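Protein sequences appear in the order of chains A and G.
Residue numbers in the first sequence follow the working numbering, run continuously in steps of one, and reach 298 at the last position.
Residue numbers in the second sequence follow the working numbering, run continuously in steps of one, and reach 573 at the last position.
The block underneath contains the structure these notes are about, expressed in structure tokens.
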Amino acid sequence: MVKTPLFKSLPSRDRTAAKKLVAPAVIGIWIVILFPLLYALYVSFHDWILSQGKIGEVNFSNYITVLKDPLLLNAAKNTILLTVSVVVLEIAIGFGLALLLNNKRIRLRNLYLFILLVPMLMPPITVGLIWRLLLHPDLGIINYMLSLVGLPQPIWLADPVLAMITIIIVDVWHETSFIILVLLAGLTSLPDEMYEAAMIDGASAWQKFKFVTLPLMAPTILVATIIRMIAALKTYDLVYILTRGGPGISTETISYYIYKVFFVFLDMGKSSAMAFILLAIIILMTLILMRVMRTAEQ
Amino acid sequence: MLAKFRRNYGITISHIILIISSLAILLPILWVIRTSLANRLIAYKIPPVWFFKPTLDNYLTIFAKYPFQEYFVNSLVISGIASIVALIIGSLAAYSIARFKTGDPWLRLSMLSTQMLPPIALVIPIFLLMRVIQMWDTLPGLVLAYLSFNLPYTVWILIGFFQSIPVEIEEAAMIDGCSRLQALLRVIFPVALPGLLSAGVFNFILNWNEFLFALILTGRNTRTLPVAIASLWTQQGVNIGAVSAATVVTILPVVILTYVIQKSLVRNLTFGSVK
């Protein structure tokens, strides 16, 4: 990043101007983020079932009750399973495809790249709908294709294990584009000199990858991992459109379970408490990955 | 000879992998486009009919039977206004932070940290508050909710843009007799325009795709496209053709807009952490 020199001695007129310029944004963020969050914190320490009217008694044990809730534990397990699966698969597939697309001797690279980037900006809801159409047990094209080659035709979203696998596959279909784009941008900005030096030293393709590409790409890969992990921990849309958390509760993620406690059971206190627990999980996981990143850099 | 063979072998395998991956992306999308152009009879047929006369009936259905033009306009207005408001407020703040280090480093970092906030944590209190001030199911209500992610993003990404503009341009303008505000409006903003545009378009796309806020904060009056198509599935079973047509209508604007910002896509998507 280009560092611009600061105005050396800021006249007080400019200092007030600077404050006036940030004021609308700061006030805006107070209104739309901080105030609602503080209110949610307040609600999370109260009993409040919306259908029973106004906010109820102060209740400091909401968090304890919620942490003992086996359904939240189930949702947490599903969320972690989903997050780890999609991040690992997307990084692996995305890095592989980015490496292929970075080879200048591959013709039509730009066409491939263009096609592979299409899913990235599609709304998650439409991605889920498309796959529901394709996977429909009676009307879907995928089961028809399977029947042609004599394979069994599962009811994809009705089986607990298959439903989770389906969500993972659809997420990989949707989000790998992002990894390809980011890692390819990283690859194209690697310095050529390192590769020339490696070539002079007689390094094989594998050695070049292991000793030049991988170490230089590590920071970019970690950034991509952090961004994807944060997003995957919040997964809601795909679950809503594909399975509604079912069959049973086998694909309920934390976000989806919170939504259910909030919007179906109308329990404001508990759902708010759970939302803060989810936030804590996200912050914790991000800090761990950032620590890994810092030690890797040293 | 052997080396050359091995090299070509590698290229061929690369092409095979890339072609398979491309087909995995393209075929589902093409299938939905195909279904959106089929009439009711053909859409449901398994084994599928491969060649048929395309019809626009499904598109007419979603606009005539369900008021998709209303949802489309709702999406357009809400996404557009939120991203413009975020751009105006956010660019001023970003300029101030970039030039004067206002509130450094806390203000800057707090913008980034909002990325970790799960939408469900915000939507609960926002829903409760909007019920009280009677902004539930109103356009301004959803616009305000969208500012919760548009605003921090805009500020954060534009700080980088303003920092990359040399101070000298501005100083020269001020020596020539511009006030700071004039320098900002006449010199800096025009130079920063590509950055402003790409941040605005990116916000628009985020808003257009957003589902959870829209699901909870909209009702009959303000339903947006993602909420409308999600409900299309449950109503009276599935009308495959209509769902497909609605999907195409929802995706199309995003694909077109992506062209506008393709150069800065990486920066936008990664919150500026990879350039």
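Yeah, the Cβ is synthetic: ideal placement off N, Cα and C, and Gly gets one too.
These numbers come from a predicted model, not from an experiment.
The beta carbon of alanine 231 of chain A lies closer than 8 Å to those of Glu175 in the same chain, with the five residues before and after it left out.
In this structure, the straight-line span from the alpha carbon of tyrosine 444 of chain G to that of leucine 504 of chain G is close to 9 Å. Taken in chain order, the members of the stretch 79-105 of chain A whose beta-carbon sits within less than 7 Å of a beta-carbon on chain G are Leu97, Leu100, Asn103 and Arg105. In the assembly as shown, threonine 295 of chain A is an exposed residue. Its beta-carbon has fewer than 16 other beta-carbons within 10 Å. Within the stretch 490-509 of chain G, those residues whose Cβ lies closer than 9 Å to any Cβ of chain A are, in chain order, Ile503, Trp506, Asn507, Glu508 and Phe509. In this structure, DSSP gives histidine 136 of chain A a state outside helix and strand, which the three-state scheme calls coil.
Look at isoleucine 49 of chain A here: in three-state DSSP terms it is strand. As a beta-bridge residue in DSSP terms, valine 58 of chain A pairs with A:His46.
With a beta-carbon spacing of about 6 Å, leucine 139 of chain A and isoleucine 344 of chain G fall inside the 8 Å limit used to define contacts.
Put simply, the CB of tyrosine 257 of chain A is far from chain G, with every gap to its CB atoms at 7 Å or more. For methionine 229 of chain A, not one C-beta of chain G is nearer than 7 Å to its own C-beta. Secondary structure note for tryptophan 434 of chain G: it is in no alpha helix (DSSP H), with a DSSP letter that is neither H nor E. With a threshold of 16 other beta carbon atoms within 10 Å, glutamate 252 of chain A meets it and is buried. Judged by their CB atoms, leucine 316 of chain G and leucine 100 of chain A are nearer to each other than the 7 Å cut-off.
Taking a C-beta distance under 7 Å as the contact criterion, isoleucine 527 of chain G and valine 421 of chain G do not qualify as a contact pair. Annotated three-state conformation of aspartate 267 of chain A is strand, per DSSP.
By the Cβ criterion, the stretch 347-358 of chain G is in contact with the stretch 319-335 of chain G, since at least three pairs of Cβ atoms, one from each stretch, lie closer than 8 Å.
When A:Arg132, A:Ile282, A:Leu157 and A:Gly150 are compared, the shortest CA-CA separation from threonine 545 of chain G is found for A:Arg132. Rounded to the nearest angstrom, the Cβ distance from leucine 510 of chain G to aspartate 237 of chain A is 7 Å, consistent with a contact under 8 Å.
Here the stretch 199-219 of chain A makes no contact with the stretch 373-391 of chain G; the two share fewer than three CB pairs at distances below 8 Å. Counted as a single uninterrupted DSSP element, the stretch harbouring proline 346 of chain G is not any alpha helix (DSSP H), since DSSP gives it neither H nor E.
With respect to chain G, the C-beta atom of isoleucine 283 of chain A has a partner C-beta closer than 7 Å.
Under a 10 Å Cβ-count criterion, lysine 270 of chain A is classified as buried, with 16 or more other Cβ atoms of the shown protein chains found around its own Cβ.
Distances from the alpha-carbon of serine 377 of chain G to those of G:Ile340, G:Glu468 and G:Asn501 put G:Asn501 closest. Judged by DSSP in its simplified three-state form, arginine 244 of chain A adopts coil rather than helix or strand.
Identification of chain G residues near alanine 232 of chain A by a Cβ-Cβ cut-off of 8 Å yields none; the smallest Cβ-Cβ distance measures about 11 Å. In this structure, DSSP gives tyrosine 357 of chain G a helical state, which the three-state scheme calls helix.
Judged by DSSP in its simplified three-state form, isoleucine 106 of chain A adopts coil rather than helix or strand.
When secondary structure is reduced to three states using DSSP, lysine 77 of chain A falls in the helix class.
The C-beta distance from asparagine 448 of chain G to alanine 396 of chain G rounds to 19 Å, too long to meet the 8 Å contact threshold.
Here arginine 484 of chain G is exposed: its Cβ has fewer than 16 other Cβ atoms, across all protein chains shown, within 10 Å. Bounds of the alpha helix (DSSP H) holding tyrosine 195 of chain A are 192-200. A residue is called buried once 16 or more other Cβ atoms fall within 10 Å of its Cβ, and glycine 493 of chain G is buried on that count.
Closer than 9 Å at the C-beta level to chain A, one finds these residues of the stretch 540-551 of chain G: Val541, Ser542, Ala544, Thr545, Val546, Thr548 and Ile549. For isoleucine 167 of chain A against threonine 243 of chain A, the beta-carbon gap comes to about 7 Å, under 8 Å, which counts as contact. Interface annotation, proline 365 of chain G: not in contact with chain A, CB-CB separation never under 7 Å.
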